[in-house]
Amino acid sequence: MEGSHGHADNMQMGRNQIQSNEASGNTPATNAGPEMWREDLSALLTPQSIQEVTRMNRRKRNREAARRSRQRQKDQVHNLMDDEKRLLDRREHLMQELEEWRMVNSGALKLPKQIINIDEVFSDSEIEIAEIINNLYSITIATSNIIVQMQLHLDYIIESLDIILGNDT
Numbered sequence: 244m245e246g247s248h249g250h251a252d253n254m255q256m257g258r259n260q261i262q263s264n265e266a267s268g269n270t271p272a273t274n275a276g277p278e279m280w281r282e283d284l285s286a287l288l289t290p291q292s293i294q295e296v297t298r299m300n301r302r303k304r305n306r307e308a309a310r311r312s313r314q315r316q317k318d319q320v321h322n323l324m325d326d327e328k329r330l331l332d333r334r335e336h337l338m339q340e341l342e343e344w345r346m347v348n349s350g351a352l353k354l355p356k357q358i359i360n361i362d363e364v365f366s367d368s369e370i371e372i373a374e375i376i377n378n379l380y381s382i383t384i385a386t387s388n389i390i391v392q393m394q395l396h397l398d399y400i401i402e403s404l405d406i407i408l409g410n411d412t
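Every position in the sequence shown, counted from 1, becomes a number in this note's numbering once 243 is added.
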């Protein structure tokens, strides 16, 4: 306690001395020389005043660091909210796409084995074209079966996203 009052007293004494010098017209610029400056500074630069300046500087740096930290936290929250929105939009898009594929590839849709009945084609060139078209159609059916398998994987991915995002849909 005594040290902190002593510091305040020293600071006040230094201020009083400067004020009395200014009132009498003896400012450091008009004083006898550097000795007067040393006396004024020695009254102001006590160990307590240096500690106080150090504390003030440390507090200022701490305030700035806290401000930057709060700003980083706000930025992180903003980024997380953007990521969440982007993931939810992507999830919705995938759900719509999955629904479209399910409608296209549903079991209710019975597809014929061939598009063109070769018995109804008359010329050799038409038969070749019909076989090519039927082969392409078969490949399309096989691709469709692969897509059904991919739907199962998409269902798994969507369930995983729901767990990650904490959605109970």
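A virtual CB, placed ideally from N, CA and C, is assigned to each residue, including glycine.
Only a predicted model underlies this, so the values are computations on that prediction, with no experimental measurement involved.
Return the CA-CA distance between residue i and residue j, expressed in angstroms with no decimal places.
i	j	result
ASN305	ARG333	41 Å
GLN314	GLU342	42 Å
VAL296	LEU330	51 Å
ILE320	LEU379	For the sequence presented, residue 320 should be read as Val rather than Ile. Taking the straight line joining both Cα atoms gives about 52 Å.
THR386	LEU404	26 Å
THR383	VAL391	12 Å
GLU369	GLU335	46 Å
GLU340	ASN410	19 Å
GLN316	ILE407	22 Å
ARG298	THR289	14 Å
SER312	ASN322	15 Å
ALA309	GLN291	26 Å
GLU327	ASN300	40 Å
GLU371	ILE400	43 Å
MET324	ILE375	52 Å
ILE389	ASN377	18 Å
ASP381	GLU402	Residue 381 is actually Ser in this sequence, not Asp. Each residue's Cα considered, the two are about 32 Å apart.
ASN269	GLU307	Caution applies to ASN269, whose pLDDT of 49 falls short of 50 and renders its modelled position unreliable; the value that the coordinates give is listed next. Going by the C-alpha atoms only, they are around 40 Å apart.
MET346	ALA373	28 Å
LEU395	GLU363	39 Å
ILE293	ASP318	37 Å
ALA351	PHE365	Note that ALA351 scores 49 on pLDDT, short of 50, meaning its location in the model is unreliable; the coordinates nonetheless yield the value given after this. Roughly 33 Å separates the two Cα atoms.
If distances are taken between C-alpha atoms only, which option among the options comes closest to residue i?
i	options	result
LEU337	LEU397, SER292, MET393	LEU397
MET393	ILE293, LYS303, TRP344, GLU363	TRP344
For residue i, verify whether its CB is less than 7 Å away from any heavy atom of the ligand MN.
i	result
THR297	Looking at this structure, you won't find the ligand MN or any other ligand, since it has none at all.
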